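*Asks:*
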Amino acid sequence: MKAAVANQFGDNLNIETLAKPEIQDHQVLVKIHACGVCHTDLHACHGDWPVKPTLPLIPGHEGVGEIVELGASVKHLSIGDRVGIPWLYSACGHCEYCLAGDENLCLSQQNAGYSVAGSYAEFCAAHADYIVKIPDGLSYLEAAPLFCAGVTTYKALKVSEAKPGDWVAIFGIGGLGHLAIQYAVAMGFRVVAVDTGDAKRQLAEKLGAEAFYDFNIDNVVAEINELTAGVHGSICTAVSKVGFRQSYDVVRRGGKCVLVGLPPEEMPLPIFNTVLNGVSVVGSIVGTRKDLEECLDFAARGKVKAIIEEKRLEDINDIFADMEKGEITGRIVMGISS
Ligand code: NAD
Ligand code: ZN
Ligand code: ZN
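Below you can see the structure in the form of structure tokens.
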């Protein structure tokens, strides 16, 4: 099979021909029709984070496709089922986090395209219990980004505990942020968005943001605070320390600052203001299978639609270069097998 492979951190990916994965009894083989390109894949290929993936690596955790082979013990799925393979490739199912429904916090989890081979390939072996079916009516291309960007931002908005009519600020209107705006609007929140450039401004406004602030031009914190008197929740997907600090500085008393983006940096927080203002700063990591089902349902009902541009697996190094420059509008999805 054809796959895009990272052999050295920081180097270009190579398109290689590898053996098709062999599946174990609890697994299924998925023929990958499409895979979204998440900024996390770029962090993975650069070795940005304290826990590094094992090389060589096939990245990709927004892979969608059809089941073409079932492991011997898999009874609840069928050949031909349309599924996606998310970042949460598997969890243990019996630790305190799994039992509490917080499987995304499981210490024994595996992650697609990080600790195990992902979906930048024509085929991917997946854990039958952790893949999620794609609802009818959603194409592979439009479903792919929901398996990370969609579920992550939907979950982060839940974590913000904002209520209908509340203000939320979305920092970073990239692959994640453009879906965050749509989920926020669908959940009844009022949205302000922060990124840079006319393309991001037009996208944010089209998707329902009531105001857009350009971090290269505007006085982001003062202007958001003037308009909203401080937001009830802020979701930071920006790959930027400055964005994180601003997302903290626009939260009103008692509000929540939800950290989602993963720049490899520290975020110093003022103790005095955090204490006196009763502000919560909380991390949010992808979502559970249940969150994913809910997030897909919003899209199946037409409330949320990923803005995508289709490219090929062979384009991956150019896609990463554009992503680093912040020049992608929406999500790039690579069409893989047809
Ligand atoms: P992306 O490259 O598509 O989007 C990032 C956006 O941030 C770009 O539009 C860029 O212009 C914007 N940006 C940069 N600096 C900014 C600033 N100061 N203020 C506002 N916006 C700014 O990336 P993505 O795929 O949306 O991923 C974003 C981040 O989220 C990455 O670090 C990724 O690893 C992380 N991520 C986290 C989770 C999670 O579960 N927590 C899941 C997926 C991705
Ligand atoms: Zn567990
Ligand atoms: Zn991702």
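So the sequence shown is residues 638 to 975, counted in our numbering.
For every residue, glycine included, the Cβ atom is placed at its ideal position computed from N, Cα and C.
Note that the coordinates shown come from a computational prediction; the quantities given were computed from them, not determined experimentally.
Who are the near neighbours of proline 693 in its chain, counting only those whose CB is closer than 8 angstroms to its CB and skipping five residues on each side?
*Replies:* Same-chain partners within the cutoff: Val642, Ala643, Asn644.
*Asks:* Could you spell out the range, first to last residue, of the alpha helix (DSSP H) harbouring tyrosine 726?
*Replies:* Careful: tyrosine 726 lies outside any alpha helix (DSSP H), inside the beta strand (DSSP E) at 725 to 727.
*Asks:* Please confirm whether any heavy atom of ligand 3 lies closer than 7 angstroms to the CB of histidine 698.
*Replies:* yes
*Asks:* Tell me whether the segment 783 to 794 and the segment 721 to 741 touch, counting them as touching only if at least three CB pairs, one residue from each stretch, are closer than 8 angstroms.
*Replies:* Using a C-beta cut-off of 8 angstroms, the segment 783 to 794 makes contact with the segment 721 to 741, since at least three inter-stretch Cβ pairs fall below that distance.
*Asks:* Compare the C-alpha of tyrosine 777 against each of Arg926, Glu947, Asn853, Leu650 and name the closest.
*Replies:* Glu947
*Asks:* Using a threshold of 7 angstroms, is the CB atom of serine 797 nearer than that to any non-hydrogen atom of ligand 2?
*Replies:* no
*Asks:* Is threonine 677 near ligand 3, judged by its Cβ being under 7 angstroms from some heavy atom?
*Replies:* yes
*Asks:* Check whether the Cβ of glutamate 653 lies closer than 7 angstroms to any heavy atom of ligand 2, and answer yes or no.
*Replies:* no
*Asks:* Under DSSP, the beta strand (DSSP E) around leucine 707 begins and ends at which residues?
*Replies:* 700 to 707
*Asks:* Please output, in chain order, the residues near ligand 2 using a CB cut-off of less than 5 angstroms to any non-hydrogen atom of the ligand.
*Replies:* Proximity to ligand 2 was defined by a C-beta distance below 5 angstroms to any of its heavy atoms, and the residues meeting it, in sequence along the chain, are Ala728, Cys729, Cys732, Cys735, Cys743.
*Asks:* Any contact between the segment 764 to 784 and the segment 905 to 916? By contact I mean 3 or more CB pairs, one from each, below 8 angstroms.
*Replies:* no
*Asks:* Would proline 658 and alanine 749 be called neighbours here (beta carbons separated by less than 8 angstroms)?
*Replies:* no
*Asks:* In the DSSP assignment, find the unbroken alpha helix (DSSP H) run with histidine 676 in it and report its ends.
*Replies:* 676 to 683
*Asks:* My output table needs one value for glutamate 842: the three-state DSSP class, helix, strand or coil.
*Replies:* helix
*Asks:* Confirm, please, whether the CB-CB distance from methionine 971 to valine 674 is below 8 angstroms.
*Replies:* yes
*Asks:* For glutamate 964, does the three-state DSSP call read helix, strand or coil?
*Replies:* coil
*Asks:* Using only alpha-carbon positions, find the residue among Val888, Leu844, Arg882, Ile872 that is nearest to leucine 864.
*Replies:* Val888
*Asks:* Quick one: what's got a C-beta closer than 7 angstroms to asparagine 954's C-beta in the same chain, skipping five residues either side?
*Replies:* Asn649, Leu650
*Asks:* Would you mind working out which of Asp928, Gln664, Cys932, Gly700 sits nearest alanine 709, comparing C-alpha positions?
*Replies:* Gln664
*Asks:* Closest to leucine 714 by CA distance: which of Leu666, Ala758, Asp685 is it?
*Replies:* Leu666
*Asks:* Who are tyrosine 850's beta bridge partners in DSSP?
*Replies:* Val831
*Asks:* Is threonine 677 near leucine 899, with beta carbons less than 8 angstroms apart?
*Replies:* yes
*Asks:* When burial is assigned at 16 or more other CB atoms within 10 Å of the CB, is proline 901 buried or exposed?
*Replies:* exposed
*Asks:* Please go through the same chain and pick out, in chain order, the residues whose beta-carbon is closer than 6 angstroms to the beta-carbon of alanine 681, but skip the five residues on each side of it.
*Replies:* Pro690, Pro696, Tyr751
*Asks:* I want to check one thing, is the minimum distance from the CB of isoleucine 722 to the heavy atoms of ligand 1 below 7 angstroms?
*Replies:* no
*Asks:* Quick check: the Cα distance between serine 921 and valine 897, rounded to an integer number of angstroms?
*Replies:* When the Cα atoms are used, serine 921 and valine 897 turn out to be separated by approximately 6 angstroms.
*Asks:* At which residues does the beta strand (DSSP E) containing serine 871 begin and terminate?
*Replies:* 868 to 873
*Asks:* Taking the DSSP output, what are the residues bridged to arginine 949?
*Replies:* Beta-bridge pairing links arginine 949 to Gly972.
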